[in-house]
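Residue numbers (UniProt numbering): 1 to 284.
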């Protein structure tokens, strides 16, 4: 693939980058997502992070799933304050990448200490899905600005997935409790990563995926994105048009534990995506 998802190694940060110690915890986090500003999954991570950090939200006006790192180049992008939320928030008529870029470059008076994208409705595991993910792309935009960046996703069962997406993230009570627990755990994990000074390397995204049937207590494992052989995403209908019809793909053997395996085993998957390594392996 040309991109390194190998286990993270400590990196030397440039002077211009932010670094953290236990005596200097970050105070301000920018939050985005790809499911839209009204998503209950976004609100869950905002509540959890706001217990420890100042937060600002810059999120799409409507769902932007599967859009990857698209940028709204050929049209104006409207930005409006969103006073319905209890935090400073903007709704942006664009992609997750638009949201983070506009917020960092125009809306925020000072650089935040980190960028968090999510919580996504559904998992973002495997190499093909990661490249398609608007959630991961929102975090990647923050990483390209030299900021510690995190993408968070919550696996939910297939039988309630469509209901949840159409209801803007509304969940039955038992699943809402799981989402809130995942958000709280993610907030604590992000704080630990930042306090250890391991969050701000160039073009590195911490990709966190939470299982629908987690072990108790949460068990976080370091993983690599599962390598998959792609299958058709489209199915021809009676009119002759092609409609989106997601298939998971064919699993390819991996030498290390994968993000998909972690979810199947009820573990929290933590993959460190090092996009700065793209094309640097000249030995193959």
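Backbone N, C-alpha and C fix where the C-beta goes; we use that ideal spot for every residue, glycine too.
Would you call the CB atoms of residue i and residue j closer than 8 Å?
{"i": "residue 186", "j": "residue 275", "result": "no"}
{"i": "residue 101", "j": "residue 141", "result": "yes"}
{"i": "residue 92", "j": "residue 41", "result": "no"}
{"i": "residue 72", "j": "residue 94", "result": "yes"}
{"i": "residue 116", "j": "residue 144", "result": "no"}
{"i": "residue 209", "j": "residue 135", "result": "no"}
{"i": "residue 123", "j": "residue 167", "result": "no"}
{"i": "residue 253", "j": "residue 269", "result": "no"}
{"i": "residue 226", "j": "residue 126", "result": "yes"}
{"i": "residue 81", "j": "residue 90", "result": "yes"}
{"i": "residue 224", "j": "residue 247", "result": "no"}
{"i": "residue 138", "j": "residue 96", "result": "yes"}
{"i": "residue 249", "j": "residue 278", "result": "no"}
{"i": "residue 196", "j": "residue 271", "result": "no"}
Taking residue i as part of the beta strand (DSSP E), name the residues at either end of that continuous run.
{"i": "residue 220", "result": "220-223"}
{"i": "residue 154", "result": "149-154"}
{"i": "residue 56", "result": "54-60"}
{"i": "residue 37", "result": "It is not in any beta strand (DSSP E) - residue 37 carries neither H nor E in the DSSP assignment."}
{"i": "residue 208", "result": "204-210"}
{"i": "residue 123", "result": "Where residue 123 is concerned, there is no enclosing beta strand (DSSP E), given that its DSSP letter is neither H nor E."}
{"i": "residue 236", "result": "234-236"}
Does any residue of chain B bring its CB to less than 8 Å from the CB of residue i?
{"i": "residue 100", "result": "Absent from the structure is chain B; it holds one protein chain and no more."}
Tell me which residue opens and which closes the alpha helix (DSSP H) that residue i is part of.
{"i": "residue 192", "result": "173-195"}
{"i": "residue 84", "result": "No alpha helix (DSSP H) holds residue 84; DSSP gives it neither H nor E."}
{"i": "residue 242", "result": "Here residue 242 belongs to no alpha helix (DSSP H); instead the beta strand (DSSP E) covers 242-244."}
{"i": "residue 100", "result": "96-102"}
{"i": "residue 231", "result": "Segment: none, residue 231 is in no alpha helix (DSSP H) and carries neither H nor E."}
{"i": "residue 261", "result": "259-264"}
So which of the options has the shortest CA-CA distance to residue i?
{"i": "residue 156", "options": "130, 172, 147 and 88", "result": "172"}
{"i": "residue 231", "options": "133, 29, 148 and 245", "result": "245"}
{"i": "residue 218", "options": "265, 228 and 238", "result": "265"}
{"i": "residue 67", "options": "131, 229, 81 and 223", "result": "131"}
{"i": "residue 49", "options": "242, 251 and 183", "result": "183"}
{"i": "residue 293", "options": "114, 64 and 133", "result": "The question about residue 293 has no answer here: the residues shown for the chain are numbered 1 through 284."}
{"i": "residue 211", "options": "263, 193 and 46", "result": "263"}
{"i": "residue 87", "options": "44, 75 and 70", "result": "44"}
{"i": "residue 30", "options": "110, 83 and 39", "result": "110"}
{"i": "residue 121", "options": "148, 175, 169 and 197", "result": "169"}
{"i": "residue 63", "options": "164, 273, 261 and 220", "result": "164"}
Using three-state DSSP, classify residue i as helix, strand or coil.
{"i": "residue 18", "result": "Model confidence at residue 18 stands at a pLDDT of 41, short of 50, so the residue's coordinates are unreliable; what they give is reported in the following sentence. DSSP places residue 18 in coil when its eight states are reduced to three."}
{"i": "residue 274", "result": "strand"}
{"i": "residue 302", "result": "The structure shown does not extend to residue 302, since the chain is modelled only from 1 through 284, so no value can be given for it."}
{"i": "residue 71", "result": "coil"}
{"i": "residue 65", "result": "coil"}
{"i": "residue 117", "result": "strand"}
{"i": "residue 163", "result": "helix"}
{"i": "residue 248", "result": "coil"}
{"i": "residue 77", "result": "coil"}
{"i": "residue 13", "result": "Note that residue 13 scores 32 on pLDDT, short of 50, meaning its location in the model is unreliable; the coordinates nonetheless yield the value given after this. The answer is coil: DSSP assigns residue 13 none of H, G, I, E or B."}
{"i": "residue 129", "result": "helix"}
{"i": "residue 239", "result": "coil"}
{"i": "residue 108", "result": "coil"}
Quiz item: Using 8 Å as the threshold, is the stretch 97-117 in touch with the stretch 57-69, meaning 3 or more CB pairs across them?
Solution: yes
Quiz item: Does the pairing of the stretch 236-250 with the stretch 166-181 give three or more beta-carbon distances under 8 Å?
Solution: no
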